[in-house]
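Peer 1: Have a look at this one before I ask anything.
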Amino acid sequence: MSKRLGGWGKPAIIQLPIFRNGHGVLVTDSHGGGKLEGIVDLLTMERLDWFKDPSSGGVVTRSQLTLGEKEWALVYEDAVKYRNMLIETLSEMDDGIVNVFLECDGDHAQVPAKEIQNACRRATISGQAVPVLCGASFRNIGVQPILDAIVNYLPSPMDAPSAIATLSNGSQQHILLKDPNMTALAFKVVHDSSRGPLVYVRVYSGTLESRSILHIAGSSTGIGRDCKPIKERATKLLELYADDYDEIPLISAGNIGAIVGLKHVKTGDTLLASTDKRAIQLHSIPIPPPVFVRSCEAESISSEKAMAAALESLCREDPSLTVTVNDETGQTLLSGMGELHLEIAGERLQEVYNVKCNLGKVEISYRETLQAGQTYSHEMVYDSQVFGKHFKCTVELEMESIDNTDAGESISLATDGIIVDARLKEHQITLAEDGRQLTAFAPLSELSEAAEMGIRGALSRGPILGLPVSQVSVRVKQVSLFNPEISTPSSVRTAAYNCVRAIFQTADKRIIEPVMDLSVRVANQYVGSITKDLTGTRKGQVLGVNAMDLDGADSNNSSEKHVIHARVPLAGLVGYSSQLRALTAGTGEFLMALHGYEPMSHDKEELLIRTMRGY
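Using the UniProt record's numbering, you'd call the opening residue of the sequence shown number 1 and step up by one each time.
This is the structure:
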């Protein structure tokens with residue numbers, strides 16, 4: 001158990017299971033098989049059973065464990081031994097329990113349960129110990145003690161370290177519990193059929209009040225970007241009791257609750273008061289780029305609106321899902337991180353949201369990019385009449401390929417794998433007509449946002465197969481404006497879009513595929529066959545083989561399990577779970593994570609193009 005916990009702390013066993021073995025004797029181990037009869041609480045030396053309400057486990061009965069009961073003799077003996085071991089373990093970490101032990105004249109049995117609990121709590125909060133409990137969720141045994149243990153041992157908001165927020169300049173700031181400014185994190189969004197979206201939040205500072213107006217900082221608005229934050233009203237606040245909700249007037253710092261009425265908040269967003277001018281982002285889980293995609297087609301025109309709304313809700317609940325629309329075919333595409341991930345999303349779309357739609361096969365999400373090491377510059381003059389109105393401006397861009405094969409880099413480049421620098425400064429603006437002042441035109445923030453929208457719009461469809469473009473960096477070098485009537489933000493957006501498309505026409509282009517870091521744990525006798533399968537059939541590269549024991553620690557015993565580390569194209573890992581079980585008689589295990597995107601071989605690229613084009 002210590003090896004499985006790794007560096008999380010030393011196990012502090014505070015409960016023992018009670019079994020009735022094949023001979024009808026009550027014991028605390030199940031090596032000989034047997035039925036789980038209950039649990040021993042080592043702190044209070046009480047036995048707990050759930051037999052008064054075996055169906056739901058709602059009633060737990062406590063009775064003192066004593067030496068006088070012959071049937072319980074073996075259980076009592078083990079309980080005393082493990083209670084003594086618990087006190088000795090905690091004594092290595094906590095001086096308080098040592099003092100109590102000495103005051104009890106070195107008698108383990110005289111140490112009060114409350115003192116053991118307090119010592120275990122202190123050791124848990126300091127990271128030195130991990131309380132170990134037991135139970136059987138399938139039989140509803142042990143649920144109440146685990147809930148009590150959460151209160152008794154885990155740190156409260158007053159005990160936990162302060163949250164850390166990232167500022168717009170990249171620096172970090174501690175969010176103190178006593179800070180009067182309201183700061184909250186939307187850690188979950190769920191769809192409720194009667195209330196609409198429910199946003200689960202934790203308030204890290206200040207007080208969140210019902211009917212207050214909030215603005216979404218951070219991930220939804222793009223931290224540090226010159227764009228207006230979205231503001232919404234928290235119409236109701238709810239306190240959670242399992243499946244029940246009670247309306248409350250406020251949520252104070254350190255507590256969690258649910259908000260009704262927020263239509264644009266996504267999982268991972270930071271919420272601030274509407275008057276708060278801070279641009280901060282609380283820490284949320286980094287989301288890797290989606291590597292699988294499937295099509296979603298409404299069965300009828302009347303179902304299209306419902307499908308669009310349901311997909312929007314799914315993406316709010318799970319930010320690792322993304323929805324795009326193919327401009328040429330009008331096909332709606334849902335992208336995610338795995339085959340099972342998209343299958344579950346499709347089932348929820350049809351069963352939870354009751355959308356009548358046809359779902360396509362789950363496929364790999366390929367991307368397009370520029371040839372490695374290439375840099376291109378282009379100046380685009382946009383001069384056009386649209387519905388009788390004249391638009392004109394000039395945009396000069398520079399585009400280059402970037403190396404995104406490193407795992408850390410793939411996260412830092414965000415989920416789309418592109419960098420766009422469109423923040424315009426005055427020296428980048430040229431006024432083509434004499435006598436004009438820059439103040440007469442749209443603000444630089446609007447022109448910058450328009451240029452970025454045009455660039456990102458063009459990068460959403462590559463020149464080869466219309467796949468998203470990745471691993472590129474685009475920088476706006478210069479913008480020429482003529483007069484405010486014809487050089488509008490929309491003309492800048494169109495010019496930037498056309499400029500990117502023009503670069504695509506002359507650039508050397510490639511299709512790139514997701515490549516995964518794979519760790520496969522198998523018994524020694526299967527190492528050879530798995531290695532051969534990875535390097536041969538799956539076109540992967542084996543990086544190393546380590547001998548590991550069953551707890552994941554290094555081992556010199558060749559009879560134990562081994563971990564094979566490899567780098568394999570995702571195309572070779574589709575359905576790998578069932579294939580690995582077949583190769584290892586059901587004993588193999590694997591983990592994989594996105595390493596990055598790498599160019600396909602020319603043969604694979606040509607085959608993919610023929611397959612997707614149909615000719």
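Backbone N, C-alpha and C fix where the C-beta goes; we use that ideal spot for every residue, glycine too.
Less than 8 Å between the CB atoms is what I'm expecting for leucine 438 and glutamate 513, so what's the real figure, rounded?
Peer 2: Residue 438 sits at position 438 when you count from the first residue of the sequence shown. Residue 513 sits at position 513 when you count from the first residue of the sequence shown. Rounded, the Cβ-Cβ distance is 45 Å, inconsistent with contact.
Peer 1: How far does the beta strand (DSSP E) with lysine 10 in it reach, from first residue to last?
Peer 2: On the sequence shown, residue 10 is found 10 positions in, with the first residue counted as 1. Here the beta strand (DSSP E) through lysine 10 covers 10-13.
Peer 1: Counting only runs that start and end within the UniProt domain "Elongation factor EFG" (510-608), where is the beta strand (DSSP E) found for 3 or more residues in a row?
Peer 2: 541-547, 562-569 and 589-599
Peer 1: If you run the structure through DSSP and keep just helix, strand and coil, what is threonine 415?
Peer 2: Residue numbering aside, residue 415 sits at position 415 when the sequence shown is read from its first letter. Unreliable placement is indicated for threonine 415, whose pLDDT of 48 sits below 50; no coordinate value is reported for it.
Peer 1: If you follow the beta strand (DSSP E) that threonine 369 is part of, which residue opens it and which one closes it?
Peer 2: Walking along the sequence shown from the start, residue 369 turns up at place 369. Counting along the chain, the beta strand (DSSP E) containing threonine 369 begins and ends at 367-370.
Peer 1: Between Ser171, Ile125, Gln173 and Ile164, which has its C-alpha nearest valine 151's C-alpha?
Peer 2: Locating residue 151 in the sequence shown gives position 151, counting from the first residue. Taking only the C-alpha atoms, the option nearest valine 151 is Ile125.
Peer 1: Report back the beta-carbon spacing between histidine 565 and leucine 543 to the nearest angstrom; my notes put them in contact at under 8 Å.
Peer 2: Walking along the sequence shown from the start, residue 565 turns up at place 565. Walking along the sequence shown from the start, residue 543 turns up at place 543. Histidine 565 to leucine 543, Cβ: 4 Å. Contact.
Peer 1: Rounded to whole angstroms, what's the CA-CA distance from alanine 458 to leucine 397? Just pull it up for me.
Peer 2: On the sequence shown, residue 458 is found 458 positions in, with the first residue counted as 1. On the sequence shown, residue 397 is found 397 positions in, with the first residue counted as 1. Using only the alpha carbons, I get a separation of about 13 Å.
Peer 1: According to the Cβ coordinates, are tyrosine 241 and leucine 608 closer than 8 Å?
Peer 2: On the sequence shown, residue 241 is found 241 positions in, with the first residue counted as 1. On the sequence shown, residue 608 is found 608 positions in, with the first residue counted as 1. Taking 8 Å as the Cβ cut-off, tyrosine 241 and leucine 608 do not qualify as a contacting pair.
Peer 1: Cβ of isoleucine 13 within 8 Å of Cβ of valine 75?
Peer 2: Start at 1 with the first residue of the sequence shown, and residue 13 comes out as number 13. Start at 1 with the first residue of the sequence shown, and residue 75 comes out as number 75. For isoleucine 13 and valine 75, no; Cβs fall outside 8 Å.
Peer 1: From Glu347, Pro288 and Lys266, pick the residue whose C-alpha is nearest to that of arginine 294; which is it?
Peer 2: One-based indexing of the sequence shown puts residue 294 at position 294. Looking at the Cα atoms, Glu347 is the closest of the given residues.
Peer 1: Quick one: complete alpha helix (DSSP H) runs, 4+ long, within the region 245-333?
Peer 2: 301-317
Peer 1: Quick check on this structure: which residue in Val472, Phe51 and Glu69 has the alpha carbon closest to the alpha carbon of aspartate 403?
Peer 2: The sequence position of residue 403 within the sequence shown is 403, counting from 1. Of the listed residues, the one whose Cα sits closest to aspartate 403 is Val472.
Peer 1: Which whole-angstrom value is the C-beta distance of leucine 185 and threonine 270, which I expect to be below 8 Å?
Peer 2: Residue 185 sits at position 185 when you count from the first residue of the sequence shown. Residue 270 sits at position 270 when you count from the first residue of the sequence shown. Confirmed, Cβ separation roughly 6 Å.
Peer 1: Taking C-alpha atoms, which residue in Asp41, Thr44, Val40 and Thr61 lies nearest to tryptophan 50?
Peer 2: The residue you call residue 50 lines up with position 50 of the sequence shown. Nearest of Asp41, Thr44, Val40 and Thr61 to tryptophan 50, Cα basis: Thr61.
Peer 1: Identify, in the order they occur along the chain, each residue of the same chain with its Cβ nearer than 6 Å to the Cβ of alanine 450, setting aside the five sequence neighbours on each side.
Peer 2: One-based indexing of the sequence shown puts residue 450 at position 450. Hits under 6 Å: Pro489, Val492 and Arg493.
Peer 1: Out of curiosity, what's the CA-to-CA distance linking serine 577 and glycine 135?
Peer 2: If you number the sequence shown from 1, residue 577 lands on position 577. If you number the sequence shown from 1, residue 135 lands on position 135. Distance between the alpha carbons of serine 577 and glycine 135: 30 Å.
Peer 1: Within the same chain, show all residues whose beta-carbon is closer than 6 Å to that of glutamate 324, passing over the 5 residues directly before and after it, in chain order.
Peer 2: Your numbering for residue 324 matches position 324 in the sequence shown. Per the sequence shown, the amino acid found at residue 324 is threonine instead of glutamate. Counting only Cβ-Cβ distances below 6 Å, and skipping sequence neighbours, we find Leu333.
Peer 1: Could you check if isoleucine 464 is buried or exposed, using at least 16 other CB atoms within 10 Å of its CB as the buried criterion?
Peer 2: As a working mapping, residue 464 is identified with position 464 in the sequence shown. Buried, by the Cβ-count rule.
Peer 1: Could you name the residues that DSSP lists as bridge partners for arginine 62?
Peer 2: Taking the sequence shown and counting its residues from 1, the one referred to as residue 62 is at position 62. For arginine 62, which the question treats as bridged, DSSP gives the partners Leu48.
Peer 1: In terms of residues, what are the limits of the alpha helix (DSSP H) holding glutamine 385?
Peer 2: Numbered from its first residue, the sequence shown carries residue 385 at position 385. Residue range 375-386 is occupied by the beta strand (DSSP E) that includes glutamine 385, with no alpha helix (DSSP H) assigned at that position.
Peer 1: Would glutamate 77 pass as a contact of serine 63 if the rule is Cβ separation under 8 Å?
Peer 2: In the sequence shown, counting from the first residue as 1, residue 77 sits at position 77. In the sequence shown, counting from the first residue as 1, residue 63 sits at position 63. Not closer than 8 Å, so no.
Peer 1: What do you reckon, are the CB atoms on glycine 417 and serine 470 nearer than 8 Å?
Peer 2: If you number the sequence shown from 1, residue 417 lands on position 417. If you number the sequence shown from 1, residue 470 lands on position 470. It is a contact, given that the beta carbons lie within the stated cut-off.
Peer 1: Just verifying my parser: in three-state terms, what is the DSSP assignment at glutamine 117?
Peer 2: Residue numbering aside, residue 117 sits at position 117 when the sequence shown is read from its first letter. DSSP places glutamine 117 in helix when its eight states are reduced to three.
Peer 1: How would you call tyrosine 615, buried or exposed, if buried means at least 16 neighbouring beta carbons within 10 angstroms?
Peer 2: Within the sequence shown, residue 615 is the residue found at index 615, counting from 1. Under a 10 Å Cβ-count criterion, tyrosine 615 is classified as exposed, with fewer than 16 other Cβ atoms of the shown protein chains found around its own Cβ.
Peer 1: Under the three-state reduction of DSSP, which class applies to valine 492: helix, strand or coil?
Peer 2: The residue you call residue 492 lines up with position 492 of the sequence shown. It is helical.
Peer 1: If you reduce the DSSP assignment to three classes, tell me which class aspartate 508 lands in.
Peer 2: Residue numbering aside, residue 508 sits at position 508 when the sequence shown is read from its first letter. Coil.
Peer 1: DSSP three-state call for leucine 238: helix, strand or coil?
Peer 2: Against the sequence shown, residue 238 aligns to sequence position 238. In the structure shown, leucine 238 sits in a strand (DSSP, three-state: E or B).
Peer 1: Closer than 8 Å is the cut-off here; do at least three beta carbon pairs connect the region 168-182 with the region 191-206?
Peer 2: Cβ pair count under 8 Å is three or more, so yes.
Peer 1: Tell me the DSSP secondary structure of phenylalanine 441 in three-state form.
Peer 2: Here residue 441 refers to the residue found at position 441 of the sequence shown. DSSP places phenylalanine 441 in coil when its eight states are reduced to three.
Peer 1: Please say whether isoleucine 116 and leucine 67 have beta carbons closer to each other than 8 Å?
Peer 2: Within the sequence shown, numbered from 1, the residue matching residue 67 stands at position 67. Within the sequence shown, numbered from 1, the residue matching residue 116 stands at position 116. No.
Peer 1: Assuming leucine 237 and isoleucine 230 make a contact with CB atoms under 8 Å, what is their CB distance in whole Å?
Peer 2: In the sequence shown, counting from the first residue as 1, residue 237 sits at position 237. In the sequence shown, counting from the first residue as 1, residue 230 sits at position 230. That pair is no contact at about 19 Å.
Peer 1: With distance defined between alpha-carbon atoms, name the residue in Glu400, Ala585 and Val130 nearest to methionine 93.
Peer 2: On the sequence shown, residue 93 is found 93 positions in, with the first residue counted as 1. Checking every option, the nearest Cα to that of methionine 93 belongs to Val130.
Peer 1: Look at the alpha carbon of leucine 42 and the alpha carbon of alanine 109, and state the distance between them as a whole number of angstroms.
Peer 2: Translated into positions along the sequence shown, residue 42 becomes position 42. Translated into positions along the sequence shown, residue 109 becomes position 109. When rounded, the distance between both Cα atoms is 11 Å.
Peer 1: Output the distance between the C-alpha atoms of glutamate 598 and arginine 567, rounded to the nearest integer angstrom.
Peer 2: Against the sequence shown, residue 598 aligns to sequence position 598. Against the sequence shown, residue 567 aligns to sequence position 567. Cα to Cα, glutamate 598 sits roughly 11 Å from arginine 567.
Peer 1: What are the boundary residues of the alpha helix (DSSP H) that includes serine 91?
Peer 2: The residue given as residue 91 occupies position 91 in the sequence shown. 73-91 is the span of the alpha helix (DSSP H), which, as asked, contains serine 91.
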